[in-house]
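*Asks:* Take the sequence shown: its position 38, counting from 1, is numbered 38 in the UniProt record's numbering, and each next residue is one higher. Glycine is no exception: its CB is placed at the ideal position from the N, C-alpha and C atoms. Right, I'll just put the structure down here and ask away after.
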Amino acid sequence: MADIPDRLIALERTAEEERAKLAGLSGDDYDAQWRRWREAAEAAQTAITEHAKATEANRHEVEQAVKRAVRHGEEDPAE
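Have a look at this one:
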């Protein structure tokens, strides 16, 4: 697969960081953080879809490449 744009990696990384912040929260704090995570994840997914369309790439393969790039050599932010 071709190089993955840094922008996609940054968006996915932000979504993962927002997801990790859910740990230990409850009630309104959890709900607010969940919305931040959802918004970040939606932004990442939208960018992945747009990139796949623009490059005529398989969307699933682009998403998996982005996730591998974010997680490669890094620990899960939730741990």
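Give me the Cβ distance between Glu-12 and Val-62, rounded to the nearest whole Å; I'm assuming they're in contact under 8 Å.
*Replies:* That pair is no contact at about 11 Å.
*Asks:* Could you tell me whether the Cβ atoms of Leu-22 and Val-66 are closer together than 8 Å?
*Replies:* No, the Cβ-Cβ distance between Leu-22 and Val-66 is not below 8 Å.
*Asks:* Are the Cβ atoms of Ala-40 and Glu-18 separated by less than 8 Å?
*Replies:* Yes, the Cβ-Cβ distance between Ala-40 and Glu-18 is below 8 Å.
*Asks:* Note down the Cα distance separating Tyr-30 from Ala-43, rounded to an integer number of angstroms.
*Replies:* Going from the Cα of Tyr-30 to the Cα of Ala-43 covers about 20 Å.
*Asks:* Our contact map puts Thr-49 next to Arg-59 with C-beta atoms below 8 Å; I'd like the distance itself, whole angstroms only.
*Replies:* Contact holds; Cβ gap of about 6 Å.
*Asks:* Quick one, which of His-72, Thr-46, Asp-6, Thr-14 has its alpha-carbon nearest Arg-36's?
*Replies:* Of the candidates His-72, Thr-46, Asp-6, Thr-14, the one whose C-alpha sits nearest the C-alpha of Arg-36 is Thr-14.
*Asks:* What residue does the alpha helix (DSSP H) around His-72 start on, and which one ends it?
*Replies:* Where His-72 is concerned, there is no enclosing alpha helix (DSSP H), given that its DSSP letter is neither H nor E.
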